[in-house]
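Shown next, in structure tokens, is the structure this report addresses.
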Amino acid sequence: MTLEYAKLTGALSVTFNPEGLSAHPHGRSGSRKLKKLFQEYQVPSWQRRRTPILMMNGIVVAVGNLFVDKDFYGSDCELVWDK
1 MTLEYAKLTG ALSVTFNPEG LSAHPHGRSG SRKLKKLFQE YQVPSWQRRR TPILMMNGIV
61 VAVGNLFVDK DFYGSDCELV WDK
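So for the sequence shown, full-length UniProt numbering puts the first residue at 1; every next one is plus one.
So this is what it looks like as structure tokens:
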């Protein structure tokens, strides 16, 4: 998964709490709640709070090794998450 470095203009943080967060995965139409996206990506419920969510200014940038949000997708840097 790759990110566009120029779009990462704020401080980055990592959270493991998906409650209430939404994202728009690159290559998909529309945004969805992370709960629904985890279900679609078949992430077991016990693993959802163990998957890192990369955030910038309260906005989801990427989720673990699942996807990068369409607004941050690019080819400048790579996101790697190894369990």
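The beta carbon of each residue, even a glycine, is placed where N, CA and C say it ideally should be.
Treat the numbers as computed from the prediction; the structure is a model and nothing was measured.
Who are the Cβ neighbours of residue i in its own chain at under 8 angstroms, not counting the five residues just before and after it?
i   : result
A23 : S31, R32, L34, L37, V60, V63, F67, D69
F16 : R49, R50, T51, P52, I53
Suppose you measure from the CA of residue i to the CA of residue j; what does that come to, to the nearest Å?
i   : j   : result
H26 : N65 : 13 angstroms
S45 : Y5  : 31 angstroms
L21 : G58 : 9 angstroms
D76 : L8  : 11 angstroms
A11 : R28 : 26 angstroms
S13 : L3  : 15 angstroms
Per DSSP, what are the beta-bridge partners of residue i in this structure?
i  : result
D9 : The sequence given here places Thr at residue 9; Asp does not occur at that position. The partner list for T9 (beta bridge, DSSP) is empty, contrary to what the question assumes.
DSSP state of residue i, grouped into three classes?
i   : result
K35 : helix
S29 : coil
S22 : strand
V14 : strand
L79 : coil
In chain order, what residues of the same chain have a beta carbon less than 7 angstroms from the beta carbon of residue i, not counting five sequence neighbours either side?
i   : result
Y41 : L66
W81 : P52, G64, N65
Leaving out the 5 sequence neighbours to the left and right, which residues in its chain are closer than 6 angstroms to residue i when beta-carbon positions are compared?
i  : result
M1 : V68, L79
*Quick one: which unbroken beta strand (DSSP E) runs of 3-plus residues sit fully inside the segment 36-70? Chain order, please.*
The segment 36-70 contains these whole beta strand (DSSP E) runs: 53-56, 59-63.
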